[in-house]
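Student: Here's a structure for you.
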Amino acid sequence: MVEATKTKKTTKRATTKKTTKRKKNLVIVESPSKAKTIEKYLGSNYKVVASIGHIRDLPKSQMGVDIENDYTPKYINIRGKGDIIKGLKKEAKAAKHVYLASDPDREGEAIAWHLSNILDLDIDAGENRVVFNEITKDAVKDAFKSPRQIDMNLVDAQQARRVLDRLVGYSISPILWKKVKPGLSAGRVQTIALGLVIDREHEIQRFQPEEYWTLETQFKKNRSKFKADFWGLAGKKMDLPDNDAVKDIVQRLDQAGDFEVTKVEAKERRRNPQPPFTTSTMQQAANNQLNFRARKTMMAAQQLYEGINLGGKEGTVGLITYMRTDSTRISSTAKNDTAHFIHEEYGAEYAASKPVQGKQQEGAQDAHEAVRPTSVFRTPASVKDKLTNDQFKLYQLIWSRFVASQMTPEVLDTMAVTIEQNDVQFRANGSKTKFQGFTKAYPSAREKDNKLPELAEGDVVTMEQLSPDQHFTQPPARYTEAALVKALEENGVGRPSTYAATIETIQKRAYVKRDAKKFVPTEIGELVQGTMDEYFPDITDVKFTAQVENELDEVEEGDKYWVKVVDDFYKPFSTELEKAETEMEKIVLKDELAGENCPVCGAPILIKLGRYGKFKACSRFPDCRYTETIVEQIGLPCPKCKNGQVVERKTRRGRTFYGCSRYPDCDFVTWDKPTKDTLPDGTTPKKDEEQADKQEKQEKQADEA
């Protein structure tokens, strides 16, 4: 009887403890890694999930824009996102409140807007949009204290860009397919990028080199030797256009006689640091200093922004601020922290009282801070063991550039010396670091010392060597990836988030190829651009495209209605489309005879123009499907087998590499074009291509996220 009573009381107590499950706040971001980081900061009352990028977009199979009805976009759920959308709806229905925390830019705002539509959130009444410029505990918690409504100006600016790009791409591409070659396509911003590459190539082809000479000398004072260059005659600067001019100067000299130091100018020169990175300058510096391509830079930056697990008390934390920005502005908190760090680490004399202010590009949105470390106290060395090699290199570059921007100038002692004999003057310039300044934190920006011996006016020196050298002026250099990003930015074309994708597109479509890390237009690229220049001059006009970008900025500011911007663009564009449809003649790409027969059936071999350039194929196609890649010898013997020649080849993804003509008997291969001075030892083709494929797959996944 007693035992029964105890059982009853226990049951009653257990029933009392049962409570209704408390609803959590739901936060939706784009990527799982970002979700994982933020959830740790917000605590148990929040659940953070990822949409894995966009969930709605225009359909791929059709234009998807209702031109007759104010250019209304016809959005559909992205194929393959069904389960994600279903899960988001379920989570939203069960949530106490839904917050949309996608990236703080136009595209992020558009993702939030699409989510609010799919989840039936009240856009007008609900304050559910949360933005932060860095993924740190304080920044995230502060952002959730002041959620706002979705900014429809930002959404409309992104929507206008998407509609414009769709109108151009889906209107011109079918014409190119029909009139030129199947599989071709055109885009609004990529056309400008391709045009820049082609225009530069034409400049190079038109360039006429001009001869000039230099006259370098080596002088000696006591035991010290130094170099000087010919400057002029009788106090006037003089060029040396040819060998006759050099002979005239040499004949004036008594090379065994004494030379007098007639002038010594000693000055102090100050070099200011550069401002912290924008997206564009980060991509340029990473390309120039780290040999990173734009996509690789943005992938590593995305990872640093979304969060790295540092272990210990810090856990997962974002190491840099938002990496898509055209601003060099930084917060007062970051300035104060950096000033404190510089005082403690380097000394008060290294801290700038008025740090350098970066000049904003015309049309810059200035919506975010510059790219900087979220905490200056997390030095690259302190987090190195938690980062991949690529992450560490980029973080070190960002950290160093930012800290340097808050430091004092580098100070150099300079000396300009004039040396003379028989009215012939030579100049020597020297410098040495007097005070390291900002280069203390940014050693790669340091100038090398070029010390001269102690010289004074009236000193006598002797000539050790006289070296006349013939030169020719060089054509403008082809665009590297860094130079092309800079050109797009300077011309006001595209925005921080578009540079990498634009450059990647013209490469994937084989409109350009990379030769020694520089872009060269292909025959297909020249053909497409020539057609665009003739029939769509506005699309290929840099100033016109830059003006469209400015108008999109005005939409973002609320000063223009997005439909009017699209309409002002489309009306003249539609006239150009009609003209191209009726007047453009079909371009017949004629095959050339290769002068050899097919090894399979004996029929003549033809040279055809394909997506990746010219190739050889049997004239009996499709009855005979023999094809052969046209290889171009670069005039160097194979460094591995010594019997073959180094030839240019392409991978199955269209990437250029260099290998031995005796492959597969010799497996020499390299990605970079060899020269006589830089013949590599060779690597394993299979291993290199597998690595390239793996990297491309990772980059593609990062883009989708």
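Count along the sequence shown from 1, then add 13; that gives the number in my numbering. Backbone N, C-alpha and C fix where the C-beta goes; we use that ideal spot for every residue, glycine too.
What residues match up with Y112 in a beta bridge as DSSP calls it?
Tutor: The residue labelled residue 112 in the question sits at position 99 within the sequence shown. Note: Y112 sits in a beta bridge opposite V40.
Student: Where does R283 sit, in a helix, a strand or coil, going by DSSP?
Tutor: Within the sequence shown, numbered from 1, the residue matching residue 283 stands at position 270. R283 falls in the strand class under three-state DSSP.
Student: Run through DSSP, which three-state label would L540 get?
Tutor: Here residue 540 refers to the residue found at position 527 of the sequence shown. DSSP places L540 in helix when its eight states are reduced to three.
Student: If contact is defined by three or more beta carbon pairs under 8 Å, each pair taking one atom from either stretch, is the region 481-494 in contact with the region 224-241?
Tutor: Enough Cβ pairs lie closer than 8 Å, so yes.
Student: By the 10 Å Cβ neighbour count, where 16 or more other Cβ atoms means buried, how is K309 classified, buried or exposed?
Tutor: Counting from one through the sequence shown, the residue named residue 309 turns up at place 296. Buried is the call here.
Student: Among the residues of its own chain, which have a CB less than 7 Å from the CB of E140, if the five just before and after it don't count?
Tutor: Here residue 140 refers to the residue found at position 127 of the sequence shown. The residues are P160, R161 and Q162.
Student: When we look at the beta-carbon of A377 and count the other beta-carbons within 10 Å, is it buried (16 or more) or exposed?
Tutor: In the sequence shown, counting from the first residue as 1, residue 377 sits at position 364. Here the model assigns A377 a pLDDT of 44, short of 50, so the residue's position is not dependable, and the following value carries that caveat. Buried, because 16 or more other Cβ atoms sit within 10 Å of the Cβ of A377.
Student: Report the option in M76, K521, G200 and S184 whose CA atom is closest to the CA atom of T664.
Tutor: As a first step, residue 664 is located in the sequence shown; it is residue number 651 there, counting from the start. Minimum Cα distance to T664 is reached at K521.
Student: Would you mind reading off the limits of the alpha helix (DSSP H) that contains T664?
Tutor: What you label residue 664 is simply residue 651 of the sequence shown in a count that begins at 1. From DSSP, T664 is part of no alpha helix (DSSP H); its letter is neither H nor E.
Student: Considering Y318, what are the terminal residues of the alpha helix (DSSP H) in which it resides?
Tutor: To locate residue 318, count along the sequence shown from 1; it is residue 305. A307 to E319 is the extent of the alpha helix (DSSP H) around Y318.
Student: Where E281 and L465 are concerned, what is the direct C-alpha to C-alpha distance, given to the nearest angstrom?
Tutor: What you label residue 281 is simply residue 268 of the sequence shown in a count that begins at 1. What you label residue 465 is simply residue 452 of the sequence shown in a count that begins at 1. Approximately 15 Å between the Cα atoms of the pair.
Student: In chain order, what residues of the same chain have a beta carbon less than 7 Å from the beta carbon of K250, not counting five sequence neighbours either side?
Tutor: Taking the first residue of the sequence shown as 1, we reach residue 250 at position 237. Hits under 7 Å: W244.
Student: Tell me, please, which residues DSSP counts as bridged to R342.
Tutor: Here residue 342 refers to the residue found at position 329 of the sequence shown. Answer is none; R342 lacks a bridge partner.
Student: From K158 to R662, what does the alpha carbon distance come to, in whole angstroms?
Tutor: Within the sequence shown, residue 158 is the residue found at index 145, counting from 1. Within the sequence shown, residue 662 is the residue found at index 649, counting from 1. So the two alpha carbons sit approximately 57 Å from each other.
Student: Could you check if P509 is buried or exposed, using at least 16 other CB atoms within 10 Å of its CB as the buried criterion?
Tutor: Your numbering for residue 509 matches position 496 in the sequence shown. When all chains shown are included, P509 counts as buried.
Student: Between the region 230-245 and the region 398-416, do at least 3 Cβ pairs fall closer than 8 Å?
Tutor: Short answer: they don't touch.
Student: If you draw a straight line from the alpha carbon of K234 to that of T475, how long is it in whole angstroms?
Tutor: Indexing the sequence shown from 1 puts residue 234 at position 221. Indexing the sequence shown from 1 puts residue 475 at position 462. About 7 Å.
Student: To the nearest angstrom, how far is it from the Cα of D472 to the Cα of R283?
Tutor: Sequence index remark: in the sequence shown, residue 472 carries index 459 (1-based). Sequence index remark: in the sequence shown, residue 283 carries index 270 (1-based). Distance between the alpha carbons of D472 and R283 is about 28 Å.
Student: Looking at G331: is its Cβ nearer than 7 Å to the Cβ of Y318?
Tutor: Translated into the one-based positions of the sequence shown, residue 331 becomes position 318. Translated into the one-based positions of the sequence shown, residue 318 becomes position 305. Yes, these two residues count as a Cβ contact at 7 Å.
Student: Report the CB separation of Y88 from R119 in whole angstroms; it is logged as a contact under 8 Å.
Tutor: As a first step, residue 88 is located in the sequence shown; it is residue number 75 there, counting from the start. As a first step, residue 119 is located in the sequence shown; it is residue number 106 there, counting from the start. With a Cβ gap of about 16 Å, Y88 and R119 do not count as contacting.
Student: Going by alpha carbons, who is nearest to G325 out of E43, K453, D135 and V396?
Tutor: Locating residue 325 in the sequence shown gives position 312, counting from the first residue. Residue V396 is the option with its Cα nearest to G325.
Student: Under 7 Å, do R142 and A170 count as touching if we go by C-beta distance?
Tutor: Translated into the one-based positions of the sequence shown, residue 142 becomes position 129. Translated into the one-based positions of the sequence shown, residue 170 becomes position 157. Not in contact: R142 and A170 (Cβ atoms no closer than 7 Å).
Student: Reducing DSSP to helix, strand and coil, say where L207 ends up.
Tutor: Here the question's residue 207 lines up with position 194 in the sequence shown. Here L207 sits in helix by DSSP.
Student: Would you call the region 565-584 and the region 169-188 touching, i.e. three or more CB-CB distances under 8 Å?
Tutor: Yes, the region 565-584 touches the region 169-188.
Student: For T553, which residues in the same chain have their Cβ closer than 6 Å to its Cβ, ignoring the five residues on either side in sequence?
Tutor: Start at 1 with the first residue of the sequence shown, and residue 553 comes out as number 540. Same-chain partners within the cutoff: T204, G208, M545 and D546.
Student: Is DSSP giving T697 helix, strand or coil here?
Tutor: Here residue 697 refers to the residue found at position 684 when the sequence shown is read from its first residue. Bear in mind that the predicted position of T697 carries a pLDDT of just 41, short of 50, making it unreliable; the figure below should be weighed with that in mind. Three-state result, T697: coil.
Student: Identify every residue that forms a DSSP beta bridge with N619.
Tutor: One-based indexing of the sequence shown puts residue 619 at position 606. According to the sequence shown, residue 619 is Leu rather than Asn. Paired residues: L606 and A630.
Student: Along the chain, where does the beta strand (DSSP E) that runs through N301 open and close?
Tutor: Your numbering for residue 301 matches position 288 in the sequence shown. Element bounds for N301: not the beta strand (DSSP E) but the alpha helix (DSSP H), T292 to L303.
Student: Write down the C-beta distance between R385 and I333 rounded to the nearest angstrom, noting that I regard them as a contact closer than 8 Å.
Tutor: As a working note, residue 385 is residue 372 in the sequence shown. As a working note, residue 333 is residue 320 in the sequence shown. Confirmed, about 7 Å.
Student: Pull up the DSSP beta-bridge partners for H356, would you.
Tutor: Counting from 1 along the sequence shown, the entry for residue 356 is found at position 343. In DSSP, H356 forms no bridge with anything.
Student: Any idea if E43 is buried or exposed, counting beta-carbon neighbours within 10 angstroms, 16 or more meaning buried?
Tutor: Within the sequence shown, numbered from 1, the residue matching residue 43 stands at position 30. Looking at its Cβ environment, which holds 16 or more other Cβ atoms inside 10 Å, E43 is buried.
Student: Once DSSP output is grouped into helix, strand and coil, what is the label at Q704?
Tutor: On the sequence shown, position 691 is the one that residue 704 refers to. Bear in mind that the predicted position of Q704 carries a pLDDT of just 49, short of 50, making it too unreliable to give a figure here.
Student: Among residues of its own chain, excluding the 5 on either side of E570, which ones have a beta-carbon nearer than 8 Å to its beta-carbon?
Tutor: Numbered from 1 along the sequence shown, position 557 holds the residue referred to as residue 570. These residues qualify, in order along the chain: N166.
Student: Would you call S418 buried or exposed, if buried means 16 or more other Cβ atoms sit within 10 Å of its Cβ?
Tutor: Position 405 of the sequence shown, counting from 1, holds the residue named residue 418. The residue is buried, with at least 16 neighbouring Cβ atoms inside 10 Å.
Student: Please identify the residue among V579, T588 and G505 whose C-alpha is closest to the C-alpha of T558.
Tutor: On the sequence shown, position 545 is the one that residue 558 refers to. Considering only alpha carbons, the answer is G505.
Student: Would you decide whether L253 is buried or exposed? Buried here means 16 or more other CB atoms lie within 10 Å of its CB.
Tutor: On the sequence shown, residue 253 is found 240 positions in, with the first residue counted as 1. Per the 10 Å Cβ criterion, buried.
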